[in-house]
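Undergrad:
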Amino acid sequence: MTVHVAGNACLDTLYRLQRFPEPGETVVADGMAEDLGGKGLNQAVAAARVGARVRLLAAIGSDPTAESVAERLVAEGIDAAGLVRLDCPTDRSMIQVDAGGENTIVSVTGCADRFAPPQGTDLDAALKAGDLLLMQGNLRIAAVRDCFTLARKRGAGTVLNPSPIRDSYAGVLPLTDLLVVNRGEACRLGGDTDPHAAAQALLRRGTSMVVVTLGAAGASLITADGRKDYSAPAVTAIDTAGAGDLLCGVLAGLLDRGIPVEAALPVAIRAAAIGVTRTGVLSSFPTRAEIAAILPPSLARGGAER
Ligand code: ATP
Numbered sequence: 039m040t041v042h043v044a045g046n047a048c049l050d051t052l053y054r055l056q057r058f059p060e061p062g063e064t065v066v067a068d069g070m071a072e073d074l075g076g077k078g079l080n081q082a083v084a085a086a087r088v089g090a091r092v093r094l095l096a097a098i099g100s101d102p103t104a105e106s107v108a109e110r111l112v113a114e115g116i117d118a119a120g121l122v123r124l125d126c127p128t129d130r131s132m133i134q135v136d137a138g139g140e141n142t143i144v145s146v147t148g149c150a151d152r153f154a155p156p157q158g159t160d161l162d163a164a165l166k167a168g169d170l171l172l173m174q175g176n177l178r179i180a181a182v183r184d185c186f187t188l189a190r191k192r193g194a195g196t197v198l199n200p201s202p203i204r205d206s207y208a209g210v211l212p213l214t215d216l217l218v219v220n221r222g223e224a225c226r227l228g229g230d231t232d233p234h235a236a237a238q239a240l241l242r243r244g245t246s247m248v249v250v251t252l253g254a255a256g257a258s259l260i261t262a263d264g265r266k267d268y269s270a271p272a273v274t275a276i277d278t279a280g281a282g283d284l285l286c287g288v289l290a291g292l293l294d295r296g297i298p299v300e301a302a303l304p305v306a307i308r309a310a311a312i313g314v315t316r317t318g319v320l321s322s323f324p325t326r327a328e329i330a331a332i333l334p335p336s337l338a339r340g341g342a343e344r
């Protein structure tokens, strides 16, 4: 089976500053780092490192960054045939982090804004019964709805990580098998200050299962059968950026490999706990070998080498 990730890919440039510049002021950065990112690309990489067969559908530009995205997918063993090239710059984010760890982000999202799958993509031909379709909040809500509608018709599973939140997702929740949200997203979408009560509300709006991620406290799985809490290993977290993408991608990869969600979620939590002990987003993700070491025994034998 295949995990089809329909989302975005971009280049993140991070500047470390003592303090943010005032309007009209120039400040000299202490350092900078550049890496590919975007929630779609991040989650595709995480799913691939579990050993799942993964395709990324994303719009990229016609510039050297676009080539870097395509090369990175190939290096990760991800099918890049679903990339769509547009006549514009590949999306970018400029992230400034000050000495206190506060950040500001400026994004250019021309590619993601113009990307409206399944139109203009090969998803219709590629999606098969038993596959998994994973989407995030970077694309327009109509694209999520149309892709999930197609997945339902095909008999493919659907996983939604609605970040950044664009909408109430009212029309999409009944098409969603698994909703993955952090504490804030659960509360905002579910309309309750308690994330577990909010998750119950989201179940009533039609999604079959909800995973609420709770940072250092781990995550909860909420289904019609009730709630199960999973703790995270105690680690010294130095940078949690991308932890949600890592958890979501690993979880989707394991589900696609036939692991039940109750067994997949603790593995995804452990993988995310490795990621928060390192800096960066993609650069913090555990390797295939590191993920293989925490896979259930049934998958561990050569499991992350597919
Ligand atoms: P982000 O936006 O930073 O990518 P998020 O808000 O989407 O993350 P979180 O709930 O903060 O998601 O974290 C996702 C998962 O990462 C958690 O469920 C947990 O497994 C792991 N994690 C995050 N912070 C910690 C921590 N301090 N210690 C151990 N694990 C952590």
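To convert, take the position in the sequence shown, counting from 1, and add 38; that gives my numbering. Yeah, the Cβ is synthetic: ideal placement off N, Cα and C, and Gly gets one too. Computed from a predicted model, the values in this text were never measured in an experiment.
Buried or exposed: where does G89 fall if 16 or more other Cβ atoms within 10 Å of its Cβ makes it buried?
TA: Translated into the one-based positions of the sequence shown, residue 89 becomes position 51. By the 10 Å Cβ count, G89 comes out buried.
Undergrad: Going along the chain, which residues of its own chain have a beta-carbon closer than 7 Å to the beta-carbon of D230, five neighbours each way excluded?
TA: By 1-based counting over the sequence shown, the position of residue 230 is 192. The residues are A236 and A239.
Undergrad: To the nearest angstrom, how far is it from the Cα of N220 to the Cα of A255?
TA: Against the sequence shown, residue 220 aligns to sequence position 182. Against the sequence shown, residue 255 aligns to sequence position 217. Looking at the two C-alpha atoms, the distance is approximately 11 Å.
Undergrad: Is it a yes or a no for the segment 285–294 touching the segment 78–92, going by three-plus beta-carbon pairs under 8 Å?
TA: The answer is yes - the segment 78–92 touches the segment 285–294, with three or more Cβ pairs under 8 Å.
Undergrad: How many angstroms separate the CA atom of R344 from the CA atom of A119?
TA: Start at 1 with the first residue of the sequence shown, and residue 344 comes out as number 306. Start at 1 with the first residue of the sequence shown, and residue 119 comes out as number 81. Its pLDDT being 48, under 50, R344 is placed unreliably in this model, and the coordinates cannot settle the point.
Undergrad: Looking only at C-alpha atoms, which of A301, A257 and E109 sits nearest to V249?
TA: On the sequence shown, residue 249 is found 211 positions in, with the first residue counted as 1. The shortest C-alpha separation from V249 is found at A257.
Undergrad: Any beta carbon from chain B within less than 8 Å of L121's own beta carbon?
TA: Although the question refers to chain B, the structure presented lacks it and comprises just one protein chain.
Undergrad: In this structure, how does DSSP classify S100 when only helix, strand and coil are distinguished?
TA: For this step, residue 100 is matched to residue 62 along the sequence shown. Looking at S100 - three-state DSSP - the assignment turns out to be coil, as it is neither helix nor strand.
Undergrad: Please return the same chain residues whose Cβ sits closer than 6 Å to the Cβ of T278, not counting the five positions on each side in sequence.
TA: In the sequence shown, residue 278 corresponds to position 240, counting from 1. Contacts found: V314.
Undergrad: Counting only runs that start and end within the segment 123–171, where is the beta strand (DSSP E) found for 3 or more residues in a row?
TA: The qualifying runs are 130–135 and 141–146.
Undergrad: CB of D283 to nearest heavy atom of ligand 1: below 7 Å?
TA: Within the sequence shown, residue 283 is the residue found at index 245, counting from 1. Yes, Cβ of D283 sits closer than 7 Å to a heavy atom of ligand 1.
Undergrad: Under 8 Å, with one C-beta from each stretch per pair, do the segment 134–150 and the segment 159–169 reach the 3-pair mark?
TA: With a cut-off of 8 Å, the segment 159–169 and the segment 134–150 do not count as touching, because too few Cβ pairs lie within range.
Undergrad: Output needed for T325: all residues of its chain with C-beta closer than 8 Å, excluding positions within five of it in sequence on either side, in chain order.
TA: One-based indexing of the sequence shown puts residue 325 at position 287. Closer than 8 Å at the Cβ level, and outside the excluded window around T325, lie R87.
Undergrad: What does the Cβ neighbour count give for S322, buried or exposed, with the cut at 16 atoms within 10 Å?
TA: Translated into the one-based positions of the sequence shown, residue 322 becomes position 284. Counting Cβ neighbours within 10 Å, S322 comes out buried, since at least 16 surround it.
Undergrad: Looking at the structure shown, is R344 part of a helix, part of a strand, or coil, going by DSSP?
TA: The count along the sequence shown starts at 1 and reaches residue 344 at position 306. In this prediction, R344 has a pLDDT of 48, which is less than 50 and means its spatial position is unreliable; what the coordinates show is noted afterwards. R344 falls in the coil class under three-state DSSP.
Undergrad: Return the bridge partner residues of S258 from the DSSP annotation.
TA: Translated into positions along the sequence shown, residue 258 becomes position 220. BP columns for S258 point to V250 and D267.
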